[in-house]
Amino acid sequence: MEPIKDSDIKLRIERDNPWWSTIGVKIPEAEYARRVYFGPFKVLALNFKIRRATILLGPRRVGKTFIIKQIIHEAIQEGFDPKGILYASIDAPVFSGLSLEKFLHFMPKETQNERRLVIFDEIQYLPDWEIHLKDLVDTYSNTKFIATGSAAAALKLKSQESGAGRFSEFMLPPLTFYEFLCFMKKDEELVEVRDGVYYFNDIDLLNENFIDYLNYGGYPEGVLNPEIRSNQEQFIRNDIIDKVLLKDLPNLYGIDNIQELNKLFSFLAYNAGQEASLENLSQGSGISKQTIKKYIEYLESAFLIIKLPTVNDHCRTFLRERNFKIYLNNPSMRAALFAPLHSDENERIAHLAESAVFSQCQHSAEFRHLRYARWKQGRNEGEVDIVYLEAPTERPVWIGEIKWSDKVVSDGHSEMKNIIYFLKKHDSVKSVVFTTKSSFGEREVENRKIFLYPTAAYCYVVGRNITADLDAVSQVKARTKTSKSSQET
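See the structure below:
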């Protein structure tokens, strides 16, 4: 048998880079809407002043390749020499065993001394890619390198330090609720913004769309393509979840018992938003605690789940982690695995709504400071869903409760008993958000205001503010507070 010929490799590269030979060639992806992350990513990806490769990370099917093709389009529109742009999808069989540097040898010769842009899509399929890419960054000073990777690439990037000082990471999360409404062309119909204040025109209709978001809304293709939306199981379960569980993670870590890993993820997805421990997970799934701990780390780094640590009522972490919460990175994975939610399933909606809130927050630099509080001392037992610990003091400065009910309007003291208990212990808390199903309002407890905000509206504001200003979750809460004050009922 003979090896793959350079002539065949060249033909494939030329086919994937039609802008080399055709003036004004159309890039189909350029016609589609940009995600709100496109602008910040473009600034990072096309910055030739910083000698670093840009690594675009994220779950499968969140639009990484779309953004890359749109970047190519805009680079050409801004005067970049099309022949100096190389795009290569590393998972193509014809590229098997090909080194990253060899790709550069197939670029038009006249670009060797010019400014170039080289993009490696799905780079995780090349073993030890970090080492090879770092070497290219050090060697080719006139070339800007961009690479994309899904689960396996992110895992390796976190587990090795080969790219220290040479890679800039950019995380592309699933669609926020704000982006979902924009893609569905319903944003302006449902939300008005005047003087920095959000006005929601129809909360009931917003809630209907929020449930749609929980069921179908995390992936751009699932939103834009009706055929994909009508077959969520095929698209999300087979094309996304199974590829991570059956291919990416086993290949990276040599996992033999794939069914065990799949069983654990299904169990976690079904119970998303509920408190868990290694002990009860082991009892519920039949998997050893040590194996569960290892698998959770894999699933978290593979962008399938979000693990939230706990603190006690004094906001102290435990020496030994006993309890934690598991949320889905993208809430719509649950509908694909089991069944779509219906509007009358209030308890399940409430748990997935918590997943949705944390999914909105995950791109913020402040996300790592989020916890939930849980305590049990004699008869005194309670929980607060969100606790933001200010660095470096680790004192709580704002807290939140995520609900899918309006009971707080008629029975506020009972519904807020955990909030009240927590506020009495912590003078440092300055802001409190309590989400509802459809009610706006304000309460004053312990000389501090509690802002009532519908969960769907809250998710919208958090997602929109974070993507507009990728700064701090704490700033998002302040803006939410300002927005709320105009909508009392």
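Numbering (UniProt numbering), first residue to last: 1 to 489. Glycine is no exception: its CB is placed at the ideal position from the N, C-alpha and C atoms.
Can you tell me where the alpha helix (DSSP H) with residue i in it begins and where it stops?
i	result
I43	According to the sequence as given, residue 43 is Val; it is not Ile. Residues 38-45.
K134	129-139
L190	187-190
K83	Run containing K83: none; DSSP gives neither H nor E here.
R51	Here R51 belongs to no alpha helix (DSSP H), and DSSP marks it neither H nor E.
I146	Note, I146: premise wrong, no alpha helix (DSSP H); beta strand (DSSP E) at 143-149.
R464	455-468
F183	177-183
D6	6-16
V408	407-410
So, helix, strand or coil for residue i, using DSSP?
i	result
E415	helix
F106	coil
T489	Confidence in T489 is poor, its pLDDT being 34 and thus under 50, which makes the residue's placement unreliable; the coordinate value appears in the next sentence. The answer is coil: DSSP assigns T489 none of H, G, I, E or B.
V429	coil
residue 548	Nothing can be reported for residue 548: it is not among the residues displayed for the chain, which extend from 1 to 489.
I399	strand
R443	strand
N380	strand
Y253	helix
N113	coil
S159	Interpretation of S159 is limited by its pLDDT of 49, a score under 50 that renders its predicted location unreliable; the figure taken from the coordinates is listed afterwards. The answer is helix: DSSP assigns S159 an H, G or I state.
V387	strand
S266	helix
T65	helix
L281	helix
K424	helix
I203	helix
K26	coil
T393	coil
L100	helix
K449	strand
Mind checking which residues open and close the beta strand (DSSP E) that includes residue i?
i	result
G273	Careful: G273 lies outside any beta strand (DSSP E) and carries neither H nor E.
V197	197-200
E123	According to the sequence provided, residue 123 is Ile. The question's Glu does not apply to it. From DSSP, I123 is part of no beta strand (DSSP E); its letter is neither H nor E.
Less than 8 Å between the CB atoms is what I'm expecting for residue i and residue j, so what's the real figure, rounded?
i	j	result
G273	Y213	Their Cβ separation, rounded to whole angstroms, is 16 Å, which puts G273 and Y213 out of contact at 8 Å.
A302	Q232	Actually they do not touch by this definition, with Cβ atoms about 20 Å apart.
G284	F267	6 Å
V433	F451	5 Å
K83	L117	In fact, because the Cβ distance is near 11 Å, the residues do not count as touching under 8 Å.
S343	G218	Incorrect: roughly 19 Å between the Cβ atoms, too far for contact.
E297	K289	About 13 Å separates the two Cβ atoms, so there is no contact after all.
F167	R52	6 Å
I13	F106	5 Å
I292	L264	6 Å
Looking at chain D, is there any beta carbon in it that lies within less than 8 Å of the beta carbon of residue i?
i	result
S355	No chain D is present in this structure, which holds just one protein chain.
Complete alpha helix (DSSP H) runs within the region 293-378 (minimum length 4 residues, chain order): Every unbroken stretch of the alpha helix (DSSP H) spanning 4 or more residues and falling wholly within the region 293-378 is given here in chain order: 332-337, 346-361.
The region 171-186 contacting the region 47-58, beta-carbon criterion three pairs below 8 Å: yes
The region 176-185 in contact with the region 28-36 per 3-pair CB rule at 8 Å: yes
Uninterrupted alpha helix (DSSP H) stretches inside the region 214-246 (no shorter than 4 residues): Fully enclosed alpha helix (DSSP H) runs of 4 or longer: 220-224, 226-229.
Sufficient close CB pairs (3 or more, under 8 Å) joining the region 394-407 to the region 337-355: yes
Three or more C-beta pairs below 8 Å linking the region 188-207 and the region 434-454: yes
Cβ contact check for the region 366-385 and the region 298-317: 3 or more pairs under 8 Å: Yes, they touch.
Segment contact flag, the region 177-195 with the region 70-82, C-beta cutoff 8 Å, min 3 pairs: The region 177-195 vs the region 70-82: no contact.
The region 74-89 in contact with the region 14-22 per 3-pair CB rule at 8 Å: yes
Stretch pair the region 1-10 + the region 125-140: three plus CB contacts closer than 8 Å: no
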